[in-house]
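J.: Residue 284 in my numbering sits at position 271 of the sequence shown; the count goes up by one each step and never skips.
By construction, the Cβ of each residue, glycine as well, lies at the ideal position given by its N, Cα and C atoms.
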Amino acid sequence: MSIWRLFAFAALGFWGQLVSAQTAGKASATDLRDIFVPMRDGVRLATDVFLPAASGRWPVVLLRTPYSRHTTTIRGYRLFFLQHGYALVVQDLRGRWASQGNFGLITQEGPDGSDTINWIAAQAWSNGRVAMAGSSYLGLVQWWAAIEGNPHLRAISPMYSGDDEYIDRYYSAGGALQLGHRLLWFAENYPPLPAGPLPLNGYIDHLPLRTADVAATQRPLPLWQLALDHPSFDLFWQQQSLRNLLKQVSAPVLSFGGWFDAYAASDLDAFGRLAKANKPVETWIGPWAHNPGLRFPTRDFGPEADIAMRSKQTDWFDRWLKKPSNTAGEGETAVLHIFVMGPDVWRKEHEWPLARTHYTPLYLASGGNANTSAGDGLLSWQLPRKSRVDNFTYDPRNPVPTMGGAVCCEPTAFPPGPLDESSLELRQDVLVYTSPPLSEEIEVTGPVRTVLYVSTSANDTDFTAKLVDIQPNGKPLLVTDGIQRLRYRLSLSNPVLVKRNQAYQISVDTGVTSYVFAARHRIRLEVSSSNFPRFDRNLNGAGPNADQTKPVKARQTVYHQKGYPSAIILPVIARTRVVASQR
């Protein structure tokens with residue numbers, strides 16, 4: 014399935030409530046097709062309008078998409094919202110499909126979205142109240158429209174969208190490039206050949222990264238080149254981040270995210286910021302990938318994992334667009350529904366991270382041979398009395414392959430989720446540290462962090478960390494993971510190279526989760542230096558990684574003896590307080 018089709022499917026948003034194309038019907042007198050809506054700079058955007066059969070002035074649901082307003086999934090939106098008393102407006106983004114202009118930086122979606130909302134409010138079939146819906150890119154454009162403060166925008170419901178362009182779509186919280194995600198997206202959305210995009214293995218190994226856009230699409234792409242020109246979180250990215258702008262959002266927000274989606278941490282960040290500002294927000298984070306209808310081969314999270322997302326959206330829109338204003342604000346201001354994996358239940362919270370979190374270290378130890386799952390690496394609740402360093406060689410020509418996790422967005426290329434890590438744990442360049450069997454269950458809910466003391470024979474390299482659940486039968490299932498580029502160990506904004514073979518403390522953002530490790534299970538940490546092609550290979554050079562062509566091996570050392578308390582820091586939640594959420 015191509016990426017734009019996958020995104021369009023995800024944007025449909027009410028998996029389990031899909032309607033057939035036949036049921037959705039054909040164009041009628043209430044369909045207003047191929048309208049070109051003018052933006053403030055004169056560019057016109059291709060737009061379709063679908064109205065309920067009865068005459069009247071309607072509240073409106075707006076979808077703005079880069080994946081074509083003519084996809085079959087739009088029919089599902091059309092039937093559902095029209096039946097619930099809403100008009101539906103669907104628009105191709107600037108520079109996409111039939112719309113004029115150039116598709117560029119995400120910041121253009123704020124003014125374009127606001128101009129479209131103003132146009133909707135002026136139409137005879139509109140009552141001036143607008144909501145927005147959609148997933149992934151369709152979710153992101155909602156946030157940008159919302160910060161414009163348009164009074165006609167009464168509610169938004171972004172799904173799997175995140176709130177930061179640098180961390181969510183191009184790089185990582187540790188500064189590594191999200192190579193597979195970006196190149197696949199560009200290859201699918203800028204196909205170079207009539208037959209369609211090139212296969213991933215035709216370009217994913219290409220060096221230098223500077224010309225990987227040409228390898229993938231047979232043309233240089235300005236967006237790719239801009240991203241490589243700005244590998245640090247500089248002013249270019251700061252101006253594209255929503256995080257410090259969310260205080261401008263006045264429209265009530267209903268959002269959705271998934272523990273095994275690349276945008277989960279940012280979806281939770283957006284909730285946390287809105288909650289602290291006492292904004293009306295409700296967020297659901299489930300055991301889902303970017304496509305929440307996807308099922309994992311290793312874990313079934315049960316029937317509770319399936320919720321009626323589209324019905325929740327219409328209830329939210331009804332509350333803010335249809336009810337009298339003096340009752341619309343009733344209820345709690347900020348509600349977070351998290352799916353706790355293990356017991357597989359929903360629980361209601363009101364902040365993120367949870368205020369009652371007890372950040373608990375599990376310390377690394379070994380006799381100096383933690384390589385592979387057959388090694389002597391240990392995790393201990395107490396600082397080890399005796400321990401020796403562990404070493405491995407990282408070769409960019411033979412990187413550790415991506416195996417599950419919170420990946421985006423093509424499951425045939427990058428299967429997401431809690432996958433079996435057994436094959437990776439046979440590699441000499443993977444250090445494995447394992448706890449004794451747990452005497453009782455332990456809940457880990459929140460941001461996971463791994464503190465490592467490391468050195469390298471290079472001036473720059475990467476270190477990865479994976480939190481793994483070892484089943485009683487010995488099968489290692491991934492829970493969450495992360496990566497840290499050493500030049501960004503102090504700041505994403507100001508890279509500083511390391512001195513060769515000198516020890517440094519680093520902190521690896523290891524993702525977010527809500528996961529209960531059951532009694533008799535063991536907790537495992539895997540440490541290595543690559544996760545390819547989810548992230549680009551660090552070629553271990555001192556210059557910009559995007560322009561390097563020569564991979565260089567690096568000798569890596571992880572310290573955990575006295576004075577070097579390497580540990581994975583778990584956000585532990587006491588299992589005594591349970592407030593269930595209603596699906």
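Contact defined as beta carbons within less than 8 Å: I believe L675 pairs with W138. What is the distance between those atoms, to the nearest angstrom?
T.: Residue coverage of the chain in this structure runs from 14 to 596, which leaves residue 675 outside it and unanswerable.
J.: Would you check if the distance between the CB atom of V413 and the CB atom of I581 is smaller than 9 Å?
T.: Along the sequence shown, read from residue 1 onward, the residue named residue 413 stands at position 400. Along the sequence shown, read from residue 1 onward, the residue named residue 581 stands at position 568. No, they are not a contact pair.
J.: So T406 and K566 are supposed to be a Cβ contact under 8 Å. How far apart are they, rounded?
T.: For the purposes of this step, residue 406 is taken as residue 393 along the sequence shown, with counting starting at 1. For the purposes of this step, residue 566 is taken as residue 553 along the sequence shown, with counting starting at 1. Indeed, because the Cβ distance is near 6 Å, the residues count as touching under 8 Å.
J.: Would you identify the three-state DSSP class for Q316, choosing helix, strand or coil?
T.: Translated into positions along the sequence shown, residue 316 becomes position 303. Just to set this straight, residue 316 is Pro in the shown sequence, not Gln. In this structure, P316 counts as helix in the three-state DSSP scheme.
J.: Let me make sure I understand the geometry here. Which of N507, G380, S448, G299 has the alpha-carbon closest to that of Q574?
T.: As a first step, residue 574 must be located in the sequence shown, where it is residue number 561. When each option's Cα is compared against that of Q574, the closest is G380.
J.: Between L259 and G188, what straight-line distance do the alpha-carbon atoms span, to the nearest angstrom?
T.: Position 246 of the sequence shown, counted from the first residue, corresponds to residue 259. Position 175 of the sequence shown, counted from the first residue, corresponds to residue 188. Cα to Cα, the separation comes out at about 23 Å.
J.: With distance defined between alpha-carbon atoms, name the residue in L334, T458, L76, Y179 nearest to A59.
T.: Indexing the sequence shown from 1 puts residue 59 at position 46. Per the Cα distances, L76.
J.: Spell out the partners DSSP gives Y446 in its beta bridges.
T.: Residue 446 sits at position 433 when you count from the first residue of the sequence shown. Answer is L538.
J.: Could you say which of P79, W198, Q155, W110 lies nearest to R547 if we only look at CA atoms?
T.: In the sequence shown, counting from the first residue as 1, residue 547 sits at position 534. That would be W198, whose Cα lies nearest to the Cα of R547.
J.: Can you list, in chain order, the residues of its chain with a C-beta nearer than 6 Å to that of A134? Leave out the 5 residues immediately preceding and following it.
T.: For the purposes of this step, residue 134 is identified with residue 121 of the sequence shown, where counting begins at 1. Same-chain partners within the cutoff: G141, H165.
J.: Do P300 and P428 come within 9 Å of each other at the CB atom, strictly closer than that value?
T.: The residue given as residue 428 occupies position 415 in the sequence shown. The residue given as residue 300 occupies position 287 in the sequence shown. No, Cβ-Cβ distance for P428 and P300 is not below 9 Å.
J.: How about E456 and Y528: do their beta carbons lie closer than 9 Å?
T.: Position 443 of the sequence shown, counting from 1, holds the residue named residue 456. Position 515 of the sequence shown, counting from 1, holds the residue named residue 528. Yes. Within cutoff.
J.: Which word fits W329, buried or exposed, when buried means at least 16 other C-beta atoms lie within 10 angstroms of its C-beta?
T.: Residue mapping note: residue 329 aligns to position 316 of the sequence shown, counting from 1. With 16 or more other Cβ atoms within 10 Å, it is buried.
J.: Which class does N553 belong to by DSSP, given the choice of helix, strand or coil?
T.: One-based indexing of the sequence shown puts residue 553 at position 540. Coil.
J.: So V445 and G390 are in contact, right, with Cβ under 8 Å, and what is the actual spacing, rounded?
T.: Position 432 of the sequence shown holds residue 445. Position 377 of the sequence shown holds residue 390. Confirmed, about 5 Å.
J.: Rounding to the nearest angstrom, what Cα-Cα distance links A587 and S386 in this structure?
T.: In the sequence shown, counting from the first residue as 1, residue 587 sits at position 574. In the sequence shown, counting from the first residue as 1, residue 386 sits at position 373. About 30 Å.
J.: Could you check how far apart the C-beta atoms of T526 and V492 are, in whole angstroms? I think they sit under 8 Å.
T.: Working through the sequence shown from its first residue, we reach residue 526 at position 513. Working through the sequence shown from its first residue, we reach residue 492 at position 479. Right, the Cβ-Cβ distance comes to about 6 Å (below 8 Å), so this counts as a contact.
J.: With a threshold of 16 other CB atoms inside 10 Å of the CB of N544, please say whether the residue is buried or exposed.
T.: What you label residue 544 is simply residue 531 of the sequence shown in a count that begins at 1. Buried, by the Cβ-count rule.
J.: DSSP three-state call for W394: helix, strand or coil?
T.: For this step, residue 394 is matched to residue 381 along the sequence shown. Looking at W394 - three-state DSSP - the assignment turns out to be coil, as it is neither helix nor strand.
J.: Run through the DSSP bridge pairs and tell me what S139 is partnered with.
T.: For the purposes of this step, residue 139 is taken as residue 126 along the sequence shown, with counting starting at 1. Answer is W71, bridged to S139.
J.: Just curious, the alpha helix (DSSP H) that N404 is in, first and last residue?
T.: For the purposes of this step, residue 404 is identified with residue 391 of the sequence shown, where counting begins at 1. Where N404 is concerned, there is no enclosing alpha helix (DSSP H), although the beta strand (DSSP E) it sits in stretches over 403-407.
J.: Expressed to the nearest angstrom, what Euclidean distance is found between the alpha-carbon atoms of F314 and K512?
T.: For this step, residue 314 is matched to residue 301 along the sequence shown. For this step, residue 512 is matched to residue 499 along the sequence shown. Rounded to whole angstroms, F314 to K512 spans 46 Å at the Cα level.
J.: Should Q518 go down as buried or exposed, given a rule of 16 or more other Cβ atoms within 10 Å for buried?
T.: Your numbering for residue 518 matches position 505 in the sequence shown. Q518 should be labelled exposed.
J.: Out of T425, K292, V102, which has the shortest C-alpha to C-alpha gap to N304?
T.: Counting from 1 along the sequence shown, the entry for residue 304 is found at position 291. Looking at the Cα atoms, T425 is the closest of the given residues.
J.: Using only CA atoms, which one of L439, K399, G556 lies nearest to N472?
T.: Stepping through the sequence shown from its first residue, residue 472 is reached at position 459. Answer by Cα proximity: G556.
J.: In whole angstroms, give me the CA-to-CA distance for P205 and R195.
T.: Within the sequence shown, the letter at position 192 stands for residue 205. Within the sequence shown, the letter at position 182 stands for residue 195. Straight-line Cα distance between these residues: approximately 16 Å.
J.: Would you report the Cα separation of T474 and N553, rounded to the nearest angstrom?
T.: Counting from one through the sequence shown, the residue named residue 474 turns up at place 461. Counting from one through the sequence shown, the residue named residue 553 turns up at place 540. Taking the straight line from one Cα to the other gives about 5 Å.
J.: Between S68, N163, R256, A159, which lies nearest to L267 when the distance is taken from Cα to Cα?
T.: Within the sequence shown, residue 267 is the residue found at index 254, counting from 1. For L267, the nearest C-alpha among the options comes from A159.
J.: How would you label N384, buried or exposed, when you count the other beta carbons within 10 angstroms and need 16 or more for buried?
T.: Your numbering for residue 384 matches position 371 in the sequence shown. Counting Cβ neighbours within 10 Å, N384 comes out buried, since at least 16 surround it.
J.: Judging by CA-CA distance, which residue of P72, R88, A111 is the nearest neighbour of V50?
T.: For the purposes of this step, residue 50 is identified with residue 37 of the sequence shown, where counting begins at 1. Nearest C-alpha to V50: A111.
J.: Assign V457 to one of three DSSP states: helix, strand, or coil.
T.: The count along the sequence shown starts at 1 and reaches residue 457 at position 444. It is a strand residue.
J.: From the DSSP output, read off the bridge partner residues of S435.
T.: Position 422 of the sequence shown holds residue 435. Partner(s): none; S435 has no beta bridge.
J.: Going by beta-carbon coordinates alone, are L334 and A144 separated by less than 9 Å?
T.: Translated into the one-based positions of the sequence shown, residue 334 becomes position 321. Translated into the one-based positions of the sequence shown, residue 144 becomes position 131. Against a cut-off of 9 Å, the Cβ pair of A144 and L334 comes out as a contact.
J.: Output needed for W250: all residues of its chain with C-beta closer than 7 Å, excluding positions within five of it in sequence on either side, in chain order.
T.: Here residue 250 refers to the residue found at position 237 when the sequence shown is read from its first residue. Taken in chain order, the residues that qualify are E178, Y179, H243.
J.: Just how far apart, CA to CA, sit E122 and V103?
T.: Counting from one through the sequence shown, the residue named residue 122 turns up at place 109. Counting from one through the sequence shown, the residue named residue 103 turns up at place 90. Distance between the alpha carbons of E122 and V103 is about 14 Å.
J.: Can you name, in chain order, every residue of its own chain whose Cβ lies under 6 Å from the Cβ of R312, other than the five neighbours on each side?
T.: As a position in the sequence shown, residue 312 is number 299, starting the count at 1. P431.
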